[in-house]
Structures are given as C-alpha cells and as structure tokens.
Amino acid sequence: MPTEKQKHYSTCTLCEAMCGIEVTTQERDILSIVGDKLNPFSEGHVCPKAMALKDLYEDPERIRTPLEKTADGNGWQEVSWDYALDKVASSLFEVQQKHGTESVATYLGNPNAHNMGSILFGPYFYRALKSHNRYSATSVDQLPHHIVSRQLFGHQSQIPIPDIDHTQHFMIIGGNPLASNGSIMTVPHIKRRLKAVQARGGKVVVIDPKKSETADMSSEHHFIKPGTDALLMLAMIHTLFDKQLVDADELLNFAADLLEVEKYVADYSPKRVANLIGMSEAQIIGLVGSFCAAGPAVCYGRMGASVQAFGTLTQYLIMLFNMLTGNLDRQGGMMFTQPAADFLPHSGRGSIGNFHSRVRNLPAFAGEFPVSALAEEIITEGEGQIKAMVIGAGNPILTTPNGQQLDKAFENLDFVVAVDFYITETSRHANIILPPVTSLERDHYDIVFHNFAVRNSSKFSPAIFPAAETSKTDWQIYLGLAERLDKLNGLPTDRYQTLWQKEPKGVVDDLLKSGRYRHEGEVLSVDLLLKKPHGIDLGPLQPDLPEAIFHNDKKIHLSFDYFMADLVRLDKQFFASEFATSGKSADDSLQLIGRRHLKTNNSWLHNSKRMVKGTNNGQSRCTAQIHPDDASKHNIQDQQMITVTSRVGKVSLPVEITEKIMPGVISIPHGWGHNKKGSQWQTAEQHAGVSVNDLTDEMVLDELSGNAVLNGVPVTIAAA
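Put into structure tokens, the structure is as follows:
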C-alpha cells in the first residue's frame, strides 16, 4: 500500500523572490507544488517556474551518479563517488604541481547564490586550491552594484534595496521585475506590489529601450538609447541643483561632501544630453520634478543599467540621485535590510585591484577576475596559463561574452571537472561530472536573498526528500574535495571532522542565534524555525544609519576620485563631434540588448517541457525583436529568418517585429543556444535557439569595474 500524501512547506530556489511553496508528495513522488498561503513573506504567490522544481527532480536526463568521460572521449561511464572525488583532487593537484598554482581556475554560476551549502562550504575548496584564477557570473551581471556598495558603505553586499511597500514613486531603469521577480530586490508578488504603488496615488515609471512587461503596467514608460543611462543620470542630478530640488540635509551627517557632486554634473544639462539619449529636455526635467514632488521615492537600476559600458558609473549616479533627494535610508526610498542570519560581518568586504589578470592586466574584485578574460587566460601560453577548470553550477559557454571563443578554449584544457547534474554546453567538456542533488533534496536557508528582501523575514526549509545514499549535496562535494587537496598538499585536515559534523545548517543556526531578533521571547534558531514551517515575519525595513555602514568611521565614502574619473571616458565616447551631432554611431548599426522571460532563468530551465512549451503562439521564444521602421529599412518581414552579425560572431534566428522596442535597437534573449554537439538535454535541444553571447564582445568592458558589456553591442542585420 502506498503511504499517505504529505504536505511540506519549502522555498522555491529558482529566482530571488523566495516564494514559499506547499509541496504535496507521496513516497518519493511530487503530486503538486503550489504557493504557501501561510508564508508571511510571499502570502501564497508563486510564479510558473515553481513547477519546474518537480521537472528538475524527475528529469530522466538529470545525472544522479558521477560520470567520467570514456577513453575515446565520445561517451561517459558511471563511477563511484570515492573514485570520482579522488580522481578530481589528484588531477587538480597534478596540474598545479606541473604548471603552478594559478594553472587551475574556477567558474561559479548563479545557482550557487541559491544554495546555502555552496555559499558556506564552497570557500573551503576554493581556499584549498590556492589559485587566484577565479571567475563567476558576477561580472556578467551585478558587479557594479557590489563595487558601488563597497566604496560607499564599506561592504560589497551591503546593497540598499527599494522599499516598494511604502514608496510613492518607483522609477525603474533597465529592469523588468515582472519577468525577473525582482533581482537584487527580493520581492514576491511584484505585480501586486506595483499596482499598490499606483492604488495609493503613486507612480511607477520605467526607462528602458524596450517596453517590457513591467513597462506595460507602469504609469509612464520612456525609451532610452542603450548604454546612455549614465548621461540621463548626470542630467537628472544636474536638474536637482539647477531647480533647487536637492533635499539631503539629514544625509549630510554621514556624507559631508555630498553637495560637491554639483561641480561634476555642471556640464551635463538636459539640453546637452537629450539628443544623445533619445529623450527631450522637457522629459528629463519632468522625470526629476515628479520624482521630487512625490514624497518618498526610489530610483532603482538593474540589469540593463549594469551590463553596459558605463554600468558602474550609472549605478553610482543612481545611488547619488537617491541620496540627493533624501531617499536613502528613508521609508519608501532606498533602504538597508536587517536579515536574521546576517553573514555580512563574517564575509569579505570586497577588495579592489589587489591583483590583476595575466594577459590584459584587468583588476580583480573580491578575489575574482572579469569573466571576459577567461578565454584568453586559457589560450595564451606562458607562466600562469590556465590548464584546468572547475565549473560549479555554471554554463559560461552560453552566458559569457564570445561564447564560441570560450568553447574552443575549453578544448585546450588538460582537465575539467563540473559540479552539475546536466551535460550542458559547458559540462560536456568535463573529464568528470560530479552531480549534486536537487534543491528539494537538501536543506535550504536563503543566506543571500534575505539580505535583499523588501521585508524582513526568516524561514528554514528542511529537505523534502532524504538524499539517496548514492548521492551527495554540493557542500559534501566541495568539502570532500577540499579535504583531499589539503591532504595531498601535506596540510592538516583535523578541522574537517568538525565541519562534517556541523554541516551548513549548524552555521545558519549560529548566525540566527547571534543575530538581532527574538520571536515570542525566544532567540531565533533553526529549531525554532522548524516549528514555524511557513516562516516568521520580522517586520518592515527600518532606517539603519549609521549602523549599516561598514567603514570604521561610520561615514559614507563617496569616492569621487574613483567614480567621477570615468567622466573622461564618457566624454570621449559621447561628445566626439560626429557622435554629438548625430546621436548615433557612424555605421548605422543596431544596438543589441538582452531580455528575459518569466519562465526562463538563464539556461537552467530549458529542459523543462512546461517552461518552453506554448511560447510565442507556437513560435520559439528566442527571437530577434526589432522596430517596424528597422524592418522596413532592411526589407524584413515578421517571423522571417535573419542573420545578426557583430565583431565576434554571427547567428541566425526568426525576427519579431514590434513597436515595443525602440528604433535602432534589437533584442535577443539570454541563455539559449542549445545546439552544441555532445550536450545531453533533449528538450533544450529541441528548443535550441541561439546564444546571444555568440555576438557579445569579450574585449569591450565597463572599464571601471571589468563588468561585461552585454547591452549596446553594435550589430548589423540582414535577411538570411
């Protein structure tokens, strides 16, 4: 007789929203996944992605046992965990003995941020490697946010987030939270929250080269030319001073030199930048006026504002704009969070430029080089050349610039290990694949995303299914490798006994017990949270200055010399005579931008049939969107196949003609391109699409941070 049905209360780990889920199971089968109505943070909300947790868990193509590539390189064979971990550790050790410590590199993908075991125990492995050759998805995403927060507030992860539940004016630059469910703003039920802003008489304003799903429901949408957001912010700050709208008296207690910003923006009037950014002078002044008249307001810039040539300067200016209008550390403005398990005091604050990449001399941030430099570090011979790679839950061949070059570079490596449960476009290069369990088979606490949540809460989600004896979690994989490497290097391994016993759950328990909260008179702990399976509400965000500042003097360091030095580069790009008179590049190319969809999370979910079916009236979701004017100019019809060409590559895909995109702009979504020989996820391959990163250029960076430039890439189009 089958056992009775059971209900489990867990957390969806497929995006940043931390939605509570109710999972109904029978034995080891999942019967349903729905929103947990009693979860105080998400209140029953869940997006379509949640059911993909079931798909990942049940996928017959998911790897469940370590695989080693066969001797002929054309197949895979199952091996034991002990053999696989021993082989990986010894192979990495041998490469380092032969070629030096820096010859082994690591790349970490976004799933690590959703995995407390990887976050808390992965660093033991990275330290055991001792290599500075570290890369991650950070430098194709949110690196500008980290650098701004490190400089201003003293810690790379002390990033203030919009207090959406109390704001009267929400300005979104280069973000589409209806598709992303937030992104450095952990916010379930975003649509309801945006409607609530409007219902209480406030406004939602979206500034984006594409009229996105968020723009469709906004109070106002304004097109802006890709890569010009820094000019807009300079003009908006100029307007604050010109119209005497600065309101920063309280913040001057923490940033006495804040008003010195005026001299840096003096030359960037709305009139001067309007043509360059594709807005009118009146539009720019109007944006500032309505923002300042609203009461509590917040300006939020996200992915589109980050992955461009001046992404770091843009995010810095956005923070200054919030400060100058009195909307930092103000209810309804940009606020710091107060997480229950606060890992920031125990984590690295973020070093800048302590060492540099070998080939291009690019600075590292927080111990990581820009991922745009990875391929050249593999293929360029000499001391320090990368000879082996560790890939942790990432697919950089699809998700980083000039993916075709990186794909070829991987063929030159002596050894590759992938911690992944699919044979992807990247892990197909591996000699050994170490498959962790899915998120439903391990304990979960959101170490990272409670730190970005729009309301303070706490929830511990125990594993829904006990892990099989033949499987391992990510933390067990990393700790097992670290212990083996230390032993091979002749180092003591006594401490690992304590770590094996403590587990990540024990570290979370320590963080909770040492935190600021009590609940019903009791100190927070894992045991207490297990008695509260839906989670605990800890209240709205609270003003937190100066406590939120990590600098020893408890002051905000505006670092004008660091950030404003980039104005020289900005002036050179935008105010050369030809650009200044035309407002566009001389070759009349289109400007490439990305986009995302609610059912897509990078390349993770494309092997789920329910996530890729029914797309675009039966057509692929991977289309090139262009404006009717550009279609007419190039004599292109809707759904026609076109070729898109950049400096580094060419792709062919169907075109989608829409007035929701700005003339002169082309949009191709991120995370597709499942057409590489040797990958093994059939559903993804049936909906292959093309990789937009076969077009992005690894040589073009945001020079202030080293972040990749994924938006504003010049491309040409033609009928295929």
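Note that the working numbering numbers the sequence shown so that position 576 is 584, with each residue one more than the last. By construction, the Cβ of each residue, glycine as well, lies at the ideal position given by its N, Cα and C atoms.
With 16 other Cβ atoms within 10 Å as the buried cut-off, status of residue i
i: H354; result: exposed
i: D337; result: buried
i: K13; result: exposed
i: F133; result: buried
i: M26; result: buried
i: R200; result: exposed
i: F363; result: exposed
i: L537; result: buried
i: A584; result: exposed
i: V273; result: buried
i: A639; result: buried
i: Q316; result: buried
i: L356; result: One detail in the question is off: residue 356 reads as Gly in this sequence, not Leu. By the 10 Å Cβ count, G356 comes out exposed.
i: V531; result: exposed
i: S40; result: exposed
Range covered by the beta strand (DSSP E) that runs through residue i
i: M649; result: M649 to T653
i: H229; result: E228 to H230
i: W84; result: W84 to E86
i: V462; result: Premise fails: V462 is in no beta strand (DSSP E) and is neither H nor E.
i: E76; result: L75 to K77
i: P548; result: I544 to P548
i: H177; result: H177 to I181
i: P404; result: Careful: P404 lies outside any beta strand (DSSP E), inside the alpha helix (DSSP H) at P404 to T407.
i: I725; result: V721 to A727
i: Q633; result: A632 to I634
i: R603; result: That residue, R603, is in no beta strand (DSSP E); it is neither H nor E in DSSP.
i: F423; result: F423 to V427
i: V212; result: K211 to I215
i: R158; result: Where R158 is concerned, there is no enclosing beta strand (DSSP E), although the alpha helix (DSSP H) it sits in stretches over L151 to F161.
i: G309; result: A305 to G309
i: S675; result: V673 to S675
i: A113; result: V112 to L116
Residue i beta carbon near the ligand MN (any heavy atom closer than 7 Å)
i: V424; result: Among the components of this structure there are no ligands whatsoever, and the ligand MN is therefore not found.
Bounding residues of the alpha helix (DSSP H) (the contiguous stretch that carries residue i)
i: G411; result: G411 to F418
i: M619; result: K617 to V620
i: P131; result: M124 to L137
i: V205; result: I198 to A207
i: S188; result: P185 to S188
i: L661; result: Segment K658 to I665 is the beta strand (DSSP E) holding L661; no alpha helix (DSSP H) there.
i: L100; result: W89 to H107
i: A223; result: E221 to D224
i: V576; result: L575 to F582
Supposed close pair residue i, residue j - CB separation, criterion 8 Å
i: A556; j: F344; result: 4 Å
i: L370; j: G714; result: 5 Å
i: A401; j: P119; result: 4 Å
i: D381; j: S365; result: It is Ala, not Asp, that sits at residue 381 in the sequence shown. A381 to S365, Cβ: 5 Å. Contact.
i: R450; j: A471; result: 5 Å
i: I192; j: I169; result: 7 Å
i: H682; j: E693; result: 5 Å
8 Å Cβ cutoff, residue i in contact with chain D
i: A187; result: Judged by its chain identifiers, the structure shown contains no chain D, having just a single protein chain.
Which complete beta strand (DSSP E) runs does the region 363-402 hold, if anything under 3 residues is left out?
371-373 and 396-400
Within the region 684-719, note down every full alpha helix (DSSP H) run reaching 4 residues or more, in order along the chain.
690-694
List in chain order: all unbroken alpha helix (DSSP H) runs of 4+ residues lying wholly within the region 314-363.
319-332
Quick one: which unbroken alpha helix (DSSP H) runs of 4-plus residues sit fully inside the region 230-298? Chain order, please.
237-250, 269-273 and 278-285
At what residue ranges does the region 11-64 contain a whole run of the beta strand (DSSP E), taking only runs of 3 or more?
14-19, 28-34 and 37-43
Secondary structure, alpha helix (DSSP H): runs of 4+ residues fully inside the region 431-498:
482-496
How about the region 312-320 and the region 416-429: do they share at least three Cβ pairs that are nearer than 8 Å?
no
Count Cβ pairs between the region 560-570 and the region 154-167 that sit closer than 8 Å; are there 3 or more?
yes
Touch check for the region 322-335 and the region 248-266: three-plus C-beta pairs under 8 Å?
yes
Along the chain, which unbroken stretches of the beta strand (DSSP E) at least 3 residues long are found entirely within the region 510-572?
544-548
For the region 695-704 against the region 651-669, are there 3 or more C-beta pairs whose distance is under 8 Å?
yes
So, do the region 490-499 and the region 91-104 have three or more beta carbon pairs nearer to each other than 8 Å?
yes
Take every Cβ of the region 533-553, pair it with every Cβ of the region 234-250, and state whether three or more of those distances are shorter than 8 Å.
no
The region 140-157 in contact with the region 178-187 per 3-pair CB rule at 8 Å
no
Whether or not the region 175-182 and the region 208-223 are in contact is what I'm after, with contact meaning three or more pairs of Cβ atoms, one per stretch, closer than 8 Å; do they touch?
yes
With a cut-off of 8 Å, do at least 3 Cβ pairs link the region 123-131 to the region 521-537?
no
Three or more C-beta pairs closer than 8 Å, one from the region 594-609 and one from the region 290-304: is that the case here?
no
Using 8 Å as the cut-off, can you tell me whether the region 576-583 makes contact with the region 631-638, which would need three or more C-beta pairs spanning the two stretches below that distance?
no
Closer than 8 Å is the cut-off here; do at least three beta carbon pairs connect the region 77-92 with the region 56-63?
no
Any contact of the region 602-614 with the region 671-679, i.e. 3+ C-beta pairs under 8 Å?
yes
Is there contact here, the region 457-465 with the region 94-113, by at least three beta-carbon pairs under 8 Å?
no
Spell out a yes or no on whether the region 60-76 and the region 435-449 are touching, meaning 3 or more CB-CB pairs, one atom from each, closer than 8 Å.
yes
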